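Novice: Okay, handing you the structure first.
Protein chains: 2
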Amino acid sequence: MNIGEAARASGVSAKMIRYYESTGLIPAAGRTGAGYRVYSDTEVQMLRFIRRSRDLGFPVEKIQELLALWRDRSRHSADVKRLAQEQIDGLERKIAEMQAMKETLQNLADACCGDHRPDCPILADLGSGPSLMARTDRARSSDQQRSQPEQHRSTD
Amino acid sequence: MNIGEAARASGVSAKMIRYYESTGLIPAAGRTGAGYRVYSDTEVQMLRFIRRSRDLGFPVEKIQELLALWRDRSRHSADVKRLAQEQIDGLERKIAEMQAMKETLQNLADACCGDHRPDCPILADLGSGPSLMARTDRARSSDQQRSQPEQHRSTD
DNA sequence: CCTTGACCTTACCATGATAGGAAGGCCTAT
DNA sequence: ATAGGCCTTCCTATCATGGTAAGGTCAAGG
Chain A
0 MNIGEAARAS
10 GVSAKMIRYY
20 ESTGLIPAAG
30 RTGAGYRVYS
40 DTEVQMLRFI
50 RRSRDLGFPV
60 EKIQELLALW
70 RDRSRHSADV
80 KRLAQEQIDG
90 LERKIAEMQA
100 MKETLQNLAD
110 ACCGDHRPDC
120 PILADLGSGP
130 SLMARTDRAR
140 SSDQQRSQPE
150 QHRSTD
Chain B
0 MNIGEAARAS
10 GVSAKMIRYY
20 ESTGLIPAAG
30 RTGAGYRVYS
40 DTEVQMLRFI
50 RRSRDLGFPV
60 EKIQELLALW
70 RDRSRHSADV
80 KRLAQEQIDG
90 LERKIAEMQA
100 MKETLQNLAD
110 ACCGDHRPDC
120 PILADLGSGP
130 SLMARTDRAR
140 SSDQQRSQPE
150 QHRSTD
């Protein structure tokens, strides 16, 4: 099987297969006399493993660990579970982060009448110092820093 | 104010300020005789605007539009609201995507006993073809080594 | 045989936003 | 005048992926 077929069979693009090989994620494939890479079913299965792991958001670095465990018949499932849990935790963190952004934006958008008038709480918030939204405002302090004549910061 | 002070005052690193200038997001700053960039309070305010927009997940491309609206005193708040809503929608899509990953992983992890034994539904799923998961069910394993005659293209 | 077209090869460039470093110039206080 | 802290530009890297270009290979058909 050449790289194009392996790509179609695994769902990993030929481009990425070569990249994974170059980075050492997968071992170098065999070659025909002409230099074409050759793939066995076993190797395609490994590529599918990688593809599926990527689909679940695992970074390539972690996939390396997953592959090592996959190949290790004396692995401890606890190690696999730990990797999965770390990934779950990472996803959760990112979800929470984006959820917070979304809520802040939603609050701002809700407060914006969204018509022909220029007044807009969204821009007002963006243009002000630290986040006024998300929780009741506080630290509004000086929204302009001291106005020094120019250059250097000297005596603080 | 030089770039270091502007960075501290805006929360945008000096590195990024130069980058934003090089990409045209912000106009080129004035320079002292020695070539040092000089920033006014107005420019620092703009940098804070950018910083806050980034904190809300806006890509620089969108920030360019936001900045244009910010500067345009005859803007329509509807345009701002639309940008915000697009960003909200984008965040929602990404959140849903990651939520799906998380749930799939959680189901797999829940099915993994996570002890010293090698059997692991997580690896079994990753090693199988297309997603066997998707619903809240698994409780299966040892389903990974069936060699499928999937090759086509007779020219081998 | 020669052409055609689909496939393969390597190598380089680009993305987006950010950080790191090197090499050298500038500024100010001591 | 020298130290050391700041500035400058330029280069590199990230991470996973796609694109392009220039050239070799292979199978089929005229």
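So the sequence lines, in the order shown, correspond to chains A and B. Numbered per numbering that gives the first Met the number 0, the first sequence spans residues 0 to 155. Numbered per numbering that gives the first Met the number 0, the second sequence spans residues 0 to 155. Glycine included, every Cβ here is placed at the ideal spot set by N, Cα and C. Since we're looking at a predicted model, the values are computed, not measured.
(1) Name, please, each residue of chain A whose Cβ falls closer than 7 Å to the Cβ of S21 of chain B.
(2) Buried or exposed: S9 of chain A, going by 16 or more other Cβ atoms within 10 Å of its Cβ?
(3) Are the beta-carbon atoms of A77 of chain A and H115 of chain B separated by less than 8 Å?
(4) Figure out for me which residue from B:G34, B:L82 and B:C111 has the closest Cα to the Cα of A108 of chain A.
(5) At a CB distance below 7 Å, what residues from the segment 83-103 of chain B approach chain A? Give them in sequence order.
(6) Per DSSP, V37 of chain B forms a beta bridge with which residues?
(7) So what does DSSP say about P120 of chain A, is it helix, strand or coil?
(8) Quick check: the Cα distance between Q105 of chain B and R92 of chain A, rounded to an integer number of angstroms?
(9) Under the three-state reduction of DSSP, which class applies to F48 of chain B: helix, strand or coil?
(10) Is A28 of chain A near Y38 of chain A, with beta carbons less than 8 Å apart?
(11) Contact defined as beta carbons within less than 8 Å: I believe V11 of chain B pairs with L46 of chain B. What is the distance between those atoms, to the nearest angstrom?
(12) Could you tell me whether the Cβ atoms of M97 of chain A and V43 of chain A are closer together than 8 Å?
(13) With a 10 Å radius around its C-beta and 16 neighbouring C-beta atoms as the bar for buried, classify R70 of chain A as buried or exposed.
(14) Name the chain B residues that come within less than 9 Å of P58 of chain A, Cβ to Cβ?
Specialist: From the atom records:
(1) Within 7 Å Cβ-Cβ: nothing; S21 of chain B doesn't reach chain A, min ~21 Å.
(2) buried
(3) yes
(4) The candidate whose alpha carbon is nearest that of A108 of chain A is B:L82.
(5) A83, Q84, Q86, I87, L90, E91, K93, I94, M97, Q98, M100, K101 and T103
(6) B:G29
(7) helix
(8) 15 Å
(9) Residue state, collapsed to three classes: helix.
(10) yes
(11) 5 Å
(12) The answer is no: Cβ separation not under 8 Å.
(13) exposed
(14) Going along chain B, no residue has its Cβ under 9 Å from P58 of chain A, so there is no contact; the nearest lies around 13 Å.
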